[in-house]
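Here the numbering used here = 1-based position in the sequence shown + 8.
Using N, Cα and C, we set each Cβ at its ideal position, and we do this for glycine too.
All values reported here derive from a predicted model rather than from experimental measurement.
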Amino acid sequence: MRKKIVAGNWKMNKSLQEGLELAKGLDKALKGKAVNCDVIIGTPFIHLASVVEAIDTNRIGVAAQNCADKESGAYTGEVSASMVASTGAKYVILGHSERRAYYGETPEILKEKVKLALANGLTPIFCIGEVLEEREANKHFDVVKAQLKASLFELSAEDFAKIVLAYEPVWAIGTGKTATPAQAQEMHAFIRETLIAKYGKEIADDTSILYGGSVNAGNAKELFSNVDVDGGLIGGASLGVDKFLPIVEAF
Ligand code: 13P
């Protein structure tokens with residue numbers, strides 16, 4: 009059975025102290041609550057170890073937002089997958105459109121990052137999604153398929169089964185312009201079809217495909233009610249317990 013997941017991506021927000029406060033606040037709010045999904049928070053690198061210490065990681069999984077495409081060595085300023093794993097974080101967001109667009113992360117680089125994440129026991133939350141011009145030109149399905157193919161489809165079935173996908177149409181990120189539930193479902197179903205063709209029905213059925221892009225307390229329930237939408241990757245609305253908790257509870 010595939011997992012339902014609500015994951016927060018804090019992006020480059022929150023000091024260490026503010027991050028700890030948010031993580032602890034969320035942990036407290038979830039304590040004793042029966043929720044119907046896994047909850048994950050993606051914090052900046054420097055928060056990881058302290059956040060893991062401060063919360064019950066059985067209740068909230070912790071994710072990095074990136075890792076290096078090299079194992080170790082003279083790569084000033086980089087953080088490796090093994091370093092991320094050594095903090096106790098269990099997930100890593102990879103391929104976010106902001107990393108692709110602003111930091112030149114190519115499909116080849118992402119392929120290396122995915123491999124290293126898996127080799128170090130981390131679960132990649134791998135992001136894919138088209139920009140507005142691609143959707144308007146009706147190329148969104150091709151773009152998403154190409155992104156999957158270029159970075160993930162050399163993985164063995166056993167390794168692919170460890171991946172969580174996040175469909176994040178770039179035009180919906182931070183814009184307040186959410187994909188309609190029908191648009192999300194249509195793309196998620198297409199992604200699952202693509203996975204069936206590549207890895208077979210069992211693996212495709214077990215892959216969690218999250219939707220990301222302006223998800224909030226008001227639209228989460230409708231988005232998550234689609235059969236192929238297995239949860240959300242939440243940016244802005246993950247930065248406060250009051251905004252994030254209702255999204256978790258939308259399941
Ligand atoms: P917003 O929820 O702020 O649109 O961000 C989505 C996102 O990029 C999550 O990774």
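Cβ-heavy atom distance, residue 17 to ligand 1, below 8 Å: yes
Selection from 143, 49, 96, 116 that minimises the alpha carbon distance to residue 76: 116
Top-ranked residue by Cα proximity to residue 152, from 163, 134, 164, 36: 134
Through-space distance from residue 78 to residue 141, alpha-carbon basis: 33 Å
Under the three-state DSSP convention, the category residue 64 falls into: coil
C-alpha distance - residue 55 paired with residue 251, whole-angstrom precision: 21 Å
Straight-line Cα distance separating residue 38 from residue 67: 8 Å
Secondary structure of residue 59, DSSP reduced to three states: helix
Where the beta strand (DSSP E) containing residue 46 begins and where it ends: 46 to 50
Where the beta strand (DSSP E) containing residue 174 begins and where it ends: 172 to 175
Beta-ladder partner(s) of residue 239, from DSSP: 13
Sequence ranges, alpha helix (DSSP H) only - wholly within the region 74 to 138, length at least 4: 89 to 94, 105 to 110, 115 to 127
First and last residue of the uninterrupted beta strand (DSSP E) at residue 220: 217 to 220
7 Å Cβ shell around residue 136 - same chain, five flanking residues per side excluded: 103, 152, 155, 156, 173, 175
Inter-residue CB distance, residue 177 and residue 234 (contact presumed, cutoff 8 Å): Their Cβ separation, rounded to whole angstroms, is 15 Å, which puts residue 177 and residue 234 out of contact at 8 Å.
Residue 63 versus residue 240 - alpha carbon distance: 21 Å
Rounded separation between residue 159 and residue 119 - CA only: 4 Å
At least three beta-carbon pairs within less than 8 Å, the region 218 to 233 to the region 18 to 29: no
Three-state secondary structure assigned by DSSP to residue 225: coil
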